[in-house]
Amino acid sequence: MMVEQAQPILQTRKNRLPGLVSWLTTVDHKRIGLLYLYSAFFFFILGGIEALLMRIQLALPENKFLSPDTYNQVFTMHGTTMIFLVVMPMATGFGNYLVPLMIGARDMAFPKLNSLSFWTFLFGGAFMYSSFLLGGAPNNGWFSYAPLTEKLYSPTHGMEFWSMGILLLGFATTIGSINFIVTIIQLRAPGMSLLKMPLFVWTSFVTSFLAVFSLPSLTTAVLLLLLDRQLGAHFYNVTEGGNALLWQHLFWFFGHPEVYILILPAMGIVSMVIPTFSGKPLFGYSAVVFSAIAIGFLGFTVWAHHMFATGMPDTALLFFSADSFLIGVPTGVKIFAWLGTMWRGKLRFTVPMLFSIGFISMFLIGGLDGIHLAVVPVDWQITDSYYVVAHLHYVLFGGAIFGLFSGVYYWFPKMSGRRLSESIGKRHFWLMFIGMNMVFMPMHILGILGMPRRIYTYSSGAGWDIWNFVETIGAGIIAVSFLIFLINYVVTIRSVPTHEADPWDGTTLEWMIPSPPPVYNFAEIPSVRSLRPLWDEKHPELADWRDDA
Amino acid sequence: MLRKFGVLVSLAFLLSSCQTSPTFLNPASTTASHEARLYWIILVMALVVFVLVEGGLLWTVIRDRKRPEDIAPAPQFHGNTRLEVTWTVIPILLVIVLFVMTVQTMSAVAQPEAQTDDLNVRIVGHRWWWEYDYPDLGIVTANELHIPVGKVVQVSLESVDVIHSFWVPQLSGKTDVIPGQHNTMWLKGDKVGVYTGQCAEFCGTEHALMRIHVFVDSQADYDAWVANQLRAATQPQSEDELAGYDTVANTCVSCHSINVGEVTDNAKSGPNLTHLFSRTTFAGGTYPLNEENLRRWLEDTQELKPDSNMQITLLPEEIDQIIAFLTLLK
Amino acid sequence: MSSVTHPQPMSSISTGRLALFVTLGTESVFFATLLVAYAALRGQVNWDIPHTLSRLTIPLVNTGILLISAMMVWWSSRAIRRGQASSLRSGLLVSVLLGLCFVAGQIIEFNQAGLRIDDQAFGGVFFTLIGFHALHMLAGVFFLGLNLVRANLGDFSVDRHEAVELGSGFWYYVTAVWVVLFLALYIL
Ligand code: HEA
Ligand code: HEA
Ligand code: CUA
Ligand SMILES: [Cu+2]
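Protein chains in written order, with my numbering: chain Y, 8 to 556; chain A, 36 to 365; chain V, 1110 to 1297.
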């Protein structure tokens, strides 16, 4: 069920290969983008099913639905999947499809490298999942703290699958990011100076740098773990001069930049969608760009806020705490800029717009939770409790996933030549919105009521039962909303394409070319005079370049 | 959505106040109450920010909806420097406030200098149970910690295997229990009572069944408890008890110590059983301790606690005898 | 990796170089984190760094070898910039051989150091740092070797030799990394 590609007249030799083969061998950035998106959605279903299994187990106290070890495998794979196999590849998919279109290029700088990174990613994901069949999945959580991961405590091969999977995914992301950086620096259309790039391009740019400079730390951590497990080294083995916290520092030095790798692309999408449906330019464009850069830099200096309870000296605690607060400032700039963009606009509440507005309000909650967690004495109470789980889902589900769905609805017409049904889409949005608040809002309460995360069971009488039950129902609602989305997809993809080039009255380059775009994207490379070339064309009298000049 | 948030939050705290939840918002120590106070403040701050931002959002959503009739493009303003400065500066001020409050609370809950009359306790994390040593008193027990009300307890935390985290919300926040690293924390119960918590760092299969009960006793109760712990184990008398004692002495002591007077040996891999029945729960504080549960435990440990490091198989009659003996260990 | 033809690249720097720089950037973080691990673990065990000259011979010789090879690489790429294909070939050949000598030296050195990866945490770090650097050396040798072959096939000319430049760039990098490792492991 692949989205049909370019219109016949525009087809080139490459596309005349028989369908499947042409997809397997493609180096076209658009097809690779779609491959990323489809795979990510597939993994989303897996990760979601794992989530539903966890929710069923936790719905009632002392439930026996999953065995302890199965539960641990499931939450580990859930977290790992959602982060490495869903949000990251989805963002990469959009990046692959859209960045060349938005900068007026014919493809990425290194098309072959591009397909290599996709297939490596897919293999890495499949490899990790094969562990379920081959003697047990990893079961130490998505950040797999040593020394629990040492062979002595984790004898199954789960950790090998996890480690090698992570290495593969890390490699895929690294070469992908190098490709993005080079593409964005080299292949912009004439006239598109850095500060005339669409915001999604900017966030992909920053994200790529974050990946390139943070992933090696994870690679190191994982390599050392493999050496411990396979060759009997002792990096994390304290009895032989190893260090138990080394892993945490190496992991979180990657782990915190990672969370901005997960959110920035979604923020980029929102920064494209809101202006379009407000009929206005992005408010304070350069402020938004520089806040993204600031978030990128600060993101490298806060990692130990995941380690407040490990007995660090007070000075360190305060430094990492203060730094974490500071990240709130540039993030606030973004949120206010989106409000400023909608202010006095002519708002059209299409489904993409709804998801973007949902993003703002849900991410806001998650962000404020983040500030709570950064307050050291409070974190001592709520760290490793469901409060953290609430935070991470408000930013990752309410944030990243909402933003990405906004992108799906927004660019689907460009990718397939068809609009997803608005009426079904609105149902999808509202159910998902209600469902997610039912699942994740009570998690704050559970955290406050003393429920730790990663427990496969709990006894009643602590006041946890009712909230867990509510959450499970909420998860069901999210699942239904997702099924509705799948229905919407099937219905739409079966319909006759309308091939609207510019269905939303957009303002950026991708809306100037046919839907779906021809293999070579632009018959002739456009030249750009402002942030909104298409707007300038539509409204010469109000053109942006006039007030730039 | 805004209302939903408000309602749920207030509900939660209604609940936490009346319920017997282990929540730091119902503190039993100065530490926890400082942390609770700070939490309330930052929660209110967050709610204010939330209401303002969300309010502004709803406001535009309602006011600036595109009317079908008007087709004129919206006013094309690209930014407003004064506004942008304002909403950068205000958060910075908030950050400063947050930082100051963090510093204050941290110093308020900081561990006090060790005094001679402090109680010293050594807490050792095992997968998946807690060992509590009173080095000055020569007491070694498991899963249930007894401390006298109003007295400062200097705690040193050690792990024999992986990272655990000691958390009793109503008494104090978490401190990780890390192999090869000597962490410390302090406790001071202000109200007599039993406070529950559990291991808060994922430590393997039974992380969920590594629970904590802290008994903050009146001085009298505490002294009585100490006196009892210092007794040697009760000697077996009857046929069964003696038989039970033999099996225990043969099979169990490889992992459990039962002190018949001589020095305590806490190096063993299982909880000290000398005064087993002075405890109310067992197996990581999971099950109420009574003959029936104990029988289930001995019949099939892995059924009650899969993967538990206690692996033995016993004959039914052995079990009866063992129980006859263990129930003596008051 | 053929770069897509495009009217005019936006920046003056060549696409290949740009890619190389970013790649070396991520490599640097990798080695930096390994060095951090080294620093963290070194504090925890008492392992006296062999300062004695006798122990330092091989590392010193190796360092020399590597620096010379780097110079050869520089000389060869300058040659092709001047269109002297023959000096390019000889330069590359020598560098490749020197590179192999270095790796061989490292293997000997490692056996002499009397450390095994499972000795103690420290042995592991030593092994890992030298090991991963050696792997990079082999990659570099491969890279230069490839260029050598292409040079013999006459692939390069005054105005067509980006691969040579990239190969040299990578070689300078691994040399620099070695100097850092040498200081960290043997001197500091
Ligand atoms: C999309 C991913 C994402 C994002 C964007 C964030 C954003 C933030 N996170 Fe979060 N975080 C995670 C994903 C993310 N996080 C995950 C997955 C974990 C759990 C890992 C694990 O243990 O499994 C985690 C855990 C985590 C912890 C550790 C908790 C613990 O284990 O004890 C902390 C602690 O400081 C933290 C802080 C923050 C902060 C300060 C932000 C800030 O960036 C938030 C900034 C946003 C705002 C503040 C709101 C908007 C701002 C305004 C309206 C301006 C005015 C407000 C102020 C200035 C206060 N996060
Ligand atoms: C993007 C990231 C992301 C997303 C989207 C989600 C989505 C969800 N998460 Fe998850 N979660 C994490 C990231 C994420 N999570 C992370 C990082 C952790 C920490 C892991 C760790 O501790 O190591 C975590 C942990 C975590 C926990 C805590 C586990 C524990 O600590 O014990 C829970 C508990 O309820 C949970 C629940 C859910 C639920 C109910 C959803 C729901 O949104 C899921 C929605 C459901 C679906 C999307 C189902 C779709 C499928 C169908 C409808 C079936 C269709 C079938 C066919 C087509 C065949 N998550
Ligand atoms: Cu011990 Cu979790
Ligand atoms: Cu973080």
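A virtual CB, placed ideally from N, CA and C, is assigned to each residue, including glycine.
Which one or two residues does DSSP pair with residue i in a beta bridge?
| i | result |
| --- | --- |
| E236 (chain A) | The partner list for E236 (chain A) (beta bridge, DSSP) is empty, contrary to what the question assumes. |
| M220 (chain A) | A:V190 |
| L247 (chain A) | Residue 247 (chain A) is actually Ile in this sequence, not Leu. DSSP output for I247 (chain A) lists A:G232 as bridge partner(s). |
| P459 (chain Y) | Y:S392 |
| R451 (chain A) | For chain A, the structure presents residues 36 to 365; residue 451 (chain A) sits outside this window and is missing. |
| F201 (chain A) | A:T210 |
| R117 (chain A) | Answer is none; R117 (chain A) lacks a bridge partner. |
| T316 (chain A) | A:P323 |
Would residue i count as contacting chain V if we go by Cβ distances under 8 Å?
| i | result |
| --- | --- |
| A116 (chain Y) | yes |
| E219 (chain Y) | Note that residue 219 (chain Y) is Val in the sequence shown here, rather than Glu. Judged by the 8 Å Cβ criterion, V219 (chain Y) is in contact with chain V. |
| L557 (chain Y) | One cannot answer for residue 557 (chain Y) here, as it falls past the ends of chain Y, which runs 8 to 556. |
| S151 (chain Y) | no |
| N444 (chain Y) | no |
Compare the C-beta of residue i with all C-beta atoms of chain A and state if any pair is closer than 8 Å.
| i | result |
| --- | --- |
| G406 (chain Y) | no |
| G347 (chain Y) | yes |
| S423 (chain Y) | no |
| V382 (chain Y) | yes |
| H546 (chain Y) | yes |
| I378 (chain Y) | yes |
Examine chain Y for any beta-carbon lying closer than 8 Å to the beta-carbon of residue i, and answer yes or no.
| i | result |
| --- | --- |
| A1128 (chain V) | yes |
| Q346 (chain A) | no |
| W122 (chain A) | yes |
| S1233 (chain V) | Residue identity check: residue 1233 (chain V) is Gly in the sequence provided, not Ser. Chain Y contact via Cβ: present. |
| I1226 (chain V) | yes |
| I127 (chain A) | yes |
| V1138 (chain V) | yes |
| V1131 (chain V) | yes |
| T1172 (chain V) | no |
| A1148 (chain V) | no |
| S52 (chain A) | Residue placement at S52 (chain A) is flagged as unreliable, the pLDDT there being 46, under the threshold of 50; the coordinate-derived value follows with that caveat. No, S52 (chain A) does not count as interfacial toward chain Y. |
| H1115 (chain V) | Its pLDDT being 49, under 50, H1115 (chain V) is placed unreliably by the model, and the measurement read from it follows with that caveat. It does: the Cβ of H1115 (chain V) has a partner Cβ on chain Y nearer than 8 Å. |
| T55 (chain A) | yes |
| G1278 (chain V) | no |
| K223 (chain A) | no |
My assumption, with CB atoms under 8 Å, is that residue i sits in contact with residue j. Please give the rounded CB distance.
| i | j | result |
| --- | --- | --- |
| I281 (chain Y) | W345 (chain Y) | 5 Å |
| E148 (chain A) | R314 (chain A) | The pair is not a contact, with the Cβ atoms about 33 Å apart (cut-off 8 Å). |
| F1231 (chain V) | L1150 (chain V) | 6 Å |
| Y160 (chain Y) | Q255 (chain Y) | Going by Cβ atoms, the distance from Y160 (chain Y) to Q255 (chain Y) rounds to 16 Å, so no, they are not a contact pair. |
| P75 (chain Y) | Q111 (chain A) | P75 (chain Y) to Q111 (chain A), Cβ: 60 Å. No contact. |
| L329 (chain A) | I358 (chain A) | 6 Å |
Any heavy atom of ligand 5 closer than 7 Å to the Cβ of residue i?
| i | result |
| --- | --- |
| F201 (chain A) | The ligand content of the structure shown is limited to ligand 1, ligand 2, ligand 3 and ligand 4, which means ligand 5 is not among them. |
(request) Write down every uninterrupted run of the alpha helix (DSSP H) in the region 53-140 of chain Y whose length is 4 residues or greater and which is fully enclosed by it, in chain order. (result) 75-87, 95-110 and 118-137
(message) Quick test of the definition: if touching needs 3 or more C-beta pairs under 8 Å, does the region 210-222 of chain Y touch the region 292-310 of chain Y?
(response) yes
(request) Could I get the ranges of all uninterrupted beta strand (DSSP E) runs contained in the region 142-197 of chain A, with 3 residues as the minimum, in chain order? (result) 154-161, 164-169, 174-177, 179-183 and 188-194
(request) Would you list, in sequence order, the uninterrupted alpha helix (DSSP H) runs of no fewer than 4 residues that lie entirely inside the region 184-249 of chain Y? (result) 206-238
(message) Whether or not the region 490-502 of chain Y and the region 523-533 of chain Y are in contact is what I'm after, with contact meaning three or more pairs of Cβ atoms, one per stretch, closer than 8 Å; do they touch?
(response) no
(request) Please confirm if the region 180-187 of chain Y is in contact with the region 138-158 of chain Y, defined as three or more CB-CB distances below 8 Å between the two stretches. (result) no
(message) Counting beta carbon pairs with one atom in the region 60-75 of chain A and one in the region 138-153 of chain A, are three or more of them shorter than 8 Å?
(response) yes
(message) With three or more beta-carbon pairs closer than 8 Å as the criterion, would you say the region 37-44 of chain Y touches the region 94-104 of chain Y?
(response) yes
(message) Three or more C-beta pairs under 8 Å: does that hold for the region 257-277 of chain Y against the region 218-231 of chain Y?
(response) yes
(message) For the structure I just gave you, are there three or more beta carbon pairs, one from the region 264-273 of chain A and one from the region 503-516 of chain Y, closer than 8 Å?
(response) no
(message) Is it the case that the region 349-362 of chain Y contacts the region 304-312 of chain Y, given that we only count it when at least three CB pairs across the two stretches are under 8 Å?
(response) no
(request) For the region 1156-1218 of chain V, list the alpha helix (DSSP H) runs that are entirely contained and at least 4 residues long, ordered along the chain. (result) 1162-1190
(request) Please list the segments of the alpha helix (DSSP H) lying wholly inside the region 305-392 of chain Y, counting only runs of 4 or more residues, in order along the chain. (result) 321-349, 358-381 and 383-389
(message) Check whether the region 102-122 of chain Y and the region 188-196 of chain Y are in contact - that is, three or more C-beta pairs closer than 8 Å.
(response) yes
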